[in-house]
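**Student:** Residue numbers (my numbering): 226 to 1306.
C-beta: ideal position from N, C-alpha, C; glycine also.
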Amino acid sequence: MAGNEWINGYLEAILDSGGAGTIEENKAPVPVNVTDGGHFNPTRYFVEEVVTGVDETDLHRTWIKVVATRNTRERSSRLENMCWRIWHLTRKKKQLECEDHQRLANRKWEREQGLKDVTEDMSEDLSEGEKADVLGEPMAAAAAGGSPKKKFQRNVSNLEVWSDSNKEKKLYIILISLHGLVRGENMELGRDSDTGGQIKYVVELAKALARMPGVYRVDLFTRQISSPEVDWSYGEPTEMLSTGPEDADCMELGESSGAYIIRIPFGSRDKYMRKELLWPHIQEFVDGALAHILNMSKVLGEQIGEGHPIWPYVIHGHYADAGDSAALLSGALNVPMVLTGHSLGRNKLEQLIKQGRQSEEDINSTYKIMRRIEAEELSLDAAELVITSTKQEIDEQWGLYDGFDVKLEKVLRARARRGVNCHGRFMPRMAVITPGMDFSNVVDQDESEAEGELASLEGSSPRAVPQIWSEVMRFLTNPHKPMILALSRPDPKKNITTLVKAFGECRPLRELANLTLIMGNRDDIDEMSGGNASVLTTVLKLVDKYDLYGQVAYPKHHKQCDVPEIYRLAAKTKGVFINPALVEPFGLTLIEAAAHGLPMVATKNGGPVDINRALNNGLLIDPHDQQAIASALLKLVSEKNLWHECRKNGWKNIHLFSWPEHCRTYLTTVAACRMRHPQWQTDTPADDFSSLEESLSDSLKDVQDMSLRLSIDGDKLMSINDSLDPAAGDPEVNEHVKKLLSRIQKPERGPNQDSEVGNKAVDNVPGKYPMLRRRRRLIFIAVDCYNSDGSPDKKLIKIIQETFRAVNSVSQTAKFSGFALSTAMPISELTAFLKSGNVNINDFDALVCSSGSEVYYPGTRNQDGKLYPDPDYVSHIDYRWGSDGLKKTILQLMINSSNEGEEKLSSSNSNSSSSSSNFIEHDNQSSNSHCVSYRIKDLSKAKKVDDLRRKLRMRGLRCHLMYCRNSTRMQAIPLLASRAQALRYLFVRWRLNVANMYVVLGETGDTDYEELISGTHKTLIMKGVVEKGSEDLLRTVGSYLKADIVPEESPLVTYATAATGEIKAEAIAEALKHVSRSSAA
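1) Give the C-beta separation of Met655 and Thr613 to the nearest angstrom, bearing in mind that I take them to be a contact with Cβ-Cβ under 8 Å.
2) Which class does His541 belong to by DSSP, given the choice of helix, strand or coil?
3) Taking 9 Å as the cut-off, decide whether the C-beta atoms of Ala778 and Phe700 are in contact.
4) Over the uninterrupted beta strand (DSSP E) stretch that includes Arg1160, give me the two end residues.
5) Within the continuous beta strand (DSSP E) that includes Val443, where are the two ends?
6) From Tyr1159 to Gln1196, what distance separates their C-alpha atoms?
7) If you draw a straight line from the alpha carbon of Asn1221 to that of Arg596, how long is it in whole angstroms?
8) Leaving out the 5 sequence neighbours to the left and right, which residues in its chain are closer than 6 Å to Phe802 when beta-carbon positions are compared?
9) When we look at the beta-carbon of Ala1305 and count the other beta-carbons within 10 Å, is it buried (16 or more) or exposed?
10) Using the C-alpha atoms, what's the distance from Met996 back to Tyr626?
11) For Ala1167, report the span of its alpha helix (DSSP H) as first-last.
12) Could you tell me the alpha carbon to alpha carbon distance between Tyr426 and Tyr1280, rounded to whole angstroms?
13) Taking its Cβ as the centre, do 16 or more other Cβ atoms sit within 10 Å of Asp1089, making it buried, or is it exposed?
14) Quick check: the Cα distance between Glu531 and Trp876, rounded to an integer number of angstroms?
15) Under 9 Å between the Cβ atoms of Gly800 and Met744?
16) Cα separation between Ala1202 and His1185?
17) Classify Leu329: buried if its beta carbon has 16 or more other beta carbons within 10 angstroms, exposed otherwise.
18) In chain order, which alpha helix (DSSP H) runs of at least 4 residues are fully inside the region 717-749?
19) For Ala1294, which residues of its own chain have a beta-carbon under 6 Å away from its beta-carbon, when the five flanking residues on both sides are left out?
20) Classify Lys784 as buried or exposed, calling it buried when 16 or more other Cβ atoms lie within 10 Å of its own Cβ.
21) Determine the direct distance from the alpha carbon of Cys308 to that of Ser301, and round the result to whole angstroms.
22) Could you give the first and the last residue of the continuous alpha helix (DSSP H) run that contains Tyr592?
23) Taking only the alpha-carbon atoms, compute the straight-line gap between Pro1006 and Leu577 and give it to the nearest angstrom.
24) Using CA coordinates, which residue listed in Val657, Lys341, Lys523 and Glu730 is at the minimum distance from Cys888?
25) Taking contact to mean 3 or more Cβ pairs, one atom from each stretch, closer than 8 Å, check whether the region 1256-1275 and the region 1227-1245 are in contact.
26) For Arg408, I'd like the list of residues in its chain whose CB is within less than 6 Å of its CB, leaving aside the five on either flank, ordered along the chain.
27) With DSSP as the reference, label His782 as helix, strand or coil.
28) Indicate, with yes or no, if the ligand FMN has a heavy atom lying under 8 Å from the CB of Glu1027.
29) Quick check on the burial criterion: 16 or more other C-beta atoms within 10 angstroms. Buried or exposed for Arg643?
30) Measuring straight from C-alpha to C-alpha, what distance separates Ala1290 and Lys1023?
31) Roughly how many angstroms separate the alpha carbons of Thr722 and Ala857, rounded to a whole number?
32) Under the three-state reduction of DSSP, which class applies to Leu701: helix, strand or coil?
33) With distances taken Cα to Cα, identify the nearest neighbour of Ile486 among Ala1049, Arg1190, Ile529 and Phe446.
34) When the Cα of His821 is compared with those of Pro810, Gln1117, Asn842 and Arg838, which residue comes out closest?
35) Let me know the secondary structure DSSP gives Leu1226 once reduced to three states.
36) At least one CB of chain C closer than 9 Å to the CB of Leu1021: is that the case?
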């Protein structure tokens, strides 16, 4: 080793220090003394300055290989390579830390700027006293580092606690948990990273909710998996979890009541897919879930709703993927959405960046983290309520998101209570509801039995002692001493090594108690992951260092069913449970321990603070302070009165964490949300009879069409006239039918028919739209074909005409096919354009205009003969729409970003005072009550959609933002509006079969183009008809990718190529046939 002694010294120092795996995270930095006796010590410098900043988990394995190498030269080479690896990792980590610091600084500045803008905008309509009360106190408190006054705390005392008085409500609740393997019995928890505690939680929540008074049915939606890789049960469409309340009689239990797992097929049906691969298929799930909900709402309406549909009371998404799905379902159905994050993408991203092993690009590629974060932001946009386990999750995790700001949420809540206008700004309400637990495995025992000594078991049959007790006690010289129990993975964050040091260095504690460490299961430490192996190795070294043999137990194996017995063993010895983690998001084991009669010592960082506040059964400690850990343990073990008090408090208050209590709090909190559901009605009182006529007319026409192709024995054709022969049936019925038929008028296309239909409309109340309702197939044309100035290209006329020809060329389906046209143009411009191309507007059953902000039905007009938007759709999308705040804020953001340092645009002239030098101006002609349109005059200065949306979220504004018409316009429409959601609205409103919808697109389009591709509808993409779209303005660098939204391959997507720049009907017809066959295969 000549010439390499310094390397050997460094590596020995690394190993002596315990390696990177035992470094305590979040520990305050300590000044480094790099001198030894006044002289510079390079070994100490290397270890304390360099190695402590490295988290390379396989360094220990590398060292083992080095030691095993006999060749001196090879060993020297490996040692040197190992040191260079450490240096390289350190340099890379410092670079990433610098970038992360800059990113966080920019984000902080943007948040402060956003809060400042909001304060200025909203202060205009307040009196001076209100400004001080509503705005001044939170800001002043924040500046002083304190918290707002108590009057800003939510007053829940006025909420009516959910009770048996709600028994008659009969609610329908939907839960969504998409990834992993979900079933009611024999859950395969731990099979992979996607099948963990969340699965158990949502299944038990569904069962518990179904047992609550007032809840009729709970559906837990998940993914259907028909794959040989997994059990057949995951391919079953429906699985019953429970039949409803246990105390309900047979009369109260309806045919469809109870809790069910509903498995919706989406993605690759014959493969089990990890959650990162599900993102492109989310819209497929949404369409499948909508179909089930519509069917179930009808079924429940017949059972308990007196014929009226029973809509979901709430849609609750669990995790980011389900949150994204719940947001779309909530928007399509107009029902409240609730979100539980479980674990959050931004928090994970921050942790991975701090580790310094991967760049942000690498992290995004591996975990699809940016798509996950955007899904969480979209969930915050739509959610009425966000449920968390702890207050720390609100402040330190959700506080990282653009869509939630604690200070702004309090300001907006205060204004709402005072009835002051918030200008469309909104922040979701956060509520801490601790997870429920099933205590059925906790054996009720009286105090004397619970305090029984182990001595009574000595000499008894081995069968009288649980096997896991024997496994633990074989390590201990005196197993009767109080047991200090720690149960966790051997993860560096769990801080087990600090616990062992605290125990080893406190002689009174060692003499009084034993220490039991349940650190997962292991066969061979060398086969474990680097971090876990390092922790276990360090624990063994510490046991040897402090000579703790006979005082510390660390069994190699245990089963899940052994855990309650381990708690019982610790309780019988009058022991203590400890969770010394550096940060603990919640702390479920603390509740389990309390249920078994164990007092606790726990970290003061995270969820244990809330748990101890509720249970009052232990002490909190600083996980970095060994002395504090030892003192707390010694206090509880030695002071028996305190131990008994903590034990009794835990038992007394443990009901707060039971499932009934969780569900009671859950339903009470949800009931305080703004309840909403579809308000439209199929019929109005004045139109009941005409509705019957129209419905019957459609049915008869269908039968007539079918009768032309039916024969019996090849001789006699069955026709509608046969069935109406007066001699063939009840005379009274026939007479009634004849009267109806005599009043039925055949619909004709053209202005005359439009005028007649329009005369029936009263006060803009639409008719029954029979032409749309009777369609069995809908062709939804959404080709974004515009010239460079944003005017519609004449090619679009040709595309429409050829599409008509292609569909009408197939006689079997032409009679039942309808057409809808979707565009960014306003209705006035669209009408003029179609007229210029001699396209009859009445050839369309529906028109979706202004990027999805309005829906028209050409067959319905007002008294002036003009088309009017569907009022039901207008009220449907009005949720969280704040056009006044948006108009001002968007212009400010766009202009200020391009003219840094210039004065902000005056609020009084914000809509019209743009000078010729400004690159954006308000487009009044393209705007309407639910669409704010801007004309882009200099595209180089335009901000990307996701950047603008992020800044709007920071200001509490929620909308659907897009560039359209060949990047010449930018339009802001309501959150629940879009061309894709308008398609779902037609599906829900008129019960059209989404599987029989065909969406026709170009190769590119407006920035909402991607949303139209995915789903269970068929998609026809025309190649060569759209030269340029607006998609380049959608995402900034480092955002999620198109592949995270649109599946790369799908049998539901087909292509038609334009020949010599023009698309032909034959190509369209062939493509439609192809996609129909492929999807049916």
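**Tutor:** On the basis of the data shown:
1) Here the question's residue 655 lines up with position 430 in the sequence shown. Here the question's residue 613 lines up with position 388 in the sequence shown. Sure, about 6 Å apart at Cβ, within 8 Å.
2) Indexing the sequence shown from 1 puts residue 541 at position 316. Strand, per DSSP.
3) On the sequence shown, position 553 is the one that residue 778 refers to. On the sequence shown, position 475 is the one that residue 700 refers to. Going by C-beta atoms, Ala778 is nearer than 9 Å to Phe700.
4) Reading the sequence shown from its first residue, position 935 is the one you call residue 1160. Its beta strand (DSSP E) spans residues Val1157 to Ile1161.
5) The residue you call residue 443 lines up with position 218 of the sequence shown. Val443 -> beta strand (DSSP E) spans Val440 to Arg448.
6) For this step, residue 1159 is matched to residue 934 along the sequence shown. For this step, residue 1196 is matched to residue 971 along the sequence shown. Their Cα atoms are separated by approximately 6 Å.
7) In the sequence shown, the residue the question calls residue 1221 occupies position 996. In the sequence shown, the residue the question calls residue 596 occupies position 371. Cα-Cα distance, rounded: 29 Å.
8) Along the sequence shown, one-based indexing puts residue 802 at 577. Leu710, Ala818, Leu823 and Met825, listed in sequence order.
9) Numbered from 1 along the sequence shown, position 1080 holds the residue referred to as residue 1305. So Ala1305 counts as exposed.
10) For this step, residue 626 is matched to residue 401 along the sequence shown. For this step, residue 996 is matched to residue 771 along the sequence shown. Distance between the alpha carbons of Tyr626 and Met996: 46 Å.
11) Position 942 of the sequence shown holds residue 1167. Segment: none, Ala1167 is in no alpha helix (DSSP H) and carries neither H nor E.
12) Start at 1 with the first residue of the sequence shown, and residue 426 comes out as number 201. Start at 1 with the first residue of the sequence shown, and residue 1280 comes out as number 1055. Straight-line Cα distance between these residues: approximately 44 Å.
13) Along the sequence shown, one-based indexing puts residue 1089 at 864. Looking at its Cβ environment, which holds fewer than 16 other Cβ atoms inside 10 Å, Asp1089 is exposed.
14) As a working mapping, residue 531 is identified with position 306 in the sequence shown. As a working mapping, residue 876 is identified with position 651 in the sequence shown. The alpha-carbon atoms of Glu531 and Trp876 are separated by roughly 46 Å.
15) For the purposes of this step, residue 800 is identified with residue 575 of the sequence shown, where counting begins at 1. For the purposes of this step, residue 744 is identified with residue 519 of the sequence shown, where counting begins at 1. No, the Cβ-Cβ distance between Gly800 and Met744 is not below 9 Å.
16) What you label residue 1202 is simply residue 977 of the sequence shown in a count that begins at 1. What you label residue 1185 is simply residue 960 of the sequence shown in a count that begins at 1. Using only the alpha carbons, I get a separation of about 7 Å.
17) Taking the sequence shown and counting its residues from 1, the one referred to as residue 329 is at position 104. Classification for Leu329: exposed.
18) 721-729 and 732-737
19) Here the question's residue 1294 lines up with position 1069 in the sequence shown. Cβ neighbours of Ala1294 beyond the five flanking positions: Ala1031 and Ser1034.
20) Translated into positions along the sequence shown, residue 784 becomes position 559. Counting Cβ neighbours within 10 Å, Lys784 comes out exposed, since fewer than 16 surround it.
21) In the sequence shown, residue 301 corresponds to position 76, counting from 1. In the sequence shown, residue 308 corresponds to position 83, counting from 1. Roughly 11 Å between the two C-alpha positions.
22) Along the sequence shown, read from residue 1 onward, the residue named residue 592 stands at position 367. Note, Tyr592: alpha helix (DSSP H), Glu585 to Tyr592.
23) Counting from one through the sequence shown, the residue named residue 1006 turns up at place 781. Counting from one through the sequence shown, the residue named residue 577 turns up at place 352. Per the sequence presented here, residue 1006 reads as Ile, with Pro not at that position. Using only the alpha carbons, I get a separation of about 44 Å.
24) Indexing the sequence shown from 1 puts residue 888 at position 663. Residue Val657 is the option with its Cα nearest to Cys888.
25) yes
26) As a first step, residue 408 is located in the sequence shown; it is residue number 183 there, counting from the start. Within the same chain, Arg408 has close Cβ partners Ser458.
27) Reading the sequence shown from its first residue, position 557 is the one you call residue 782. His782 falls in the coil class under three-state DSSP.
28) Ligands displayed in this structure: none; no statement on the ligand FMN is therefore possible.
29) For this step, residue 643 is matched to residue 418 along the sequence shown. The residue in question, Arg643, is exposed, as its Cβ has fewer than 16 Cβ neighbours within 10 Å.
30) The count along the sequence shown starts at 1 and reaches residue 1290 at position 1065. The count along the sequence shown starts at 1 and reaches residue 1023 at position 798. When rounded, the distance between both Cα atoms is 10 Å.
31) The sequence position of residue 722 within the sequence shown is 497, counting from 1. The sequence position of residue 857 within the sequence shown is 632, counting from 1. If I take the Cα positions, the gap works out to 17 Å.
32) Indexing the sequence shown from 1 puts residue 701 at position 476. Leu701 falls in the coil class under three-state DSSP.
33) Residue numbering aside, residue 486 sits at position 261 when the sequence shown is read from its first letter. For the residues Ala1049, Arg1190, Ile529 and Phe446, the minimum Cα distance to Ile486 belongs to Phe446.
34) As a working note, residue 821 is residue 596 in the sequence shown. Nearest C-alpha to His821: Asn842.
35) As a position in the sequence shown, residue 1226 is number 1001, starting the count at 1. Three-state result, Leu1226: strand.
36) Absence of chain C from the displayed structure is noted, only one protein chain being present.
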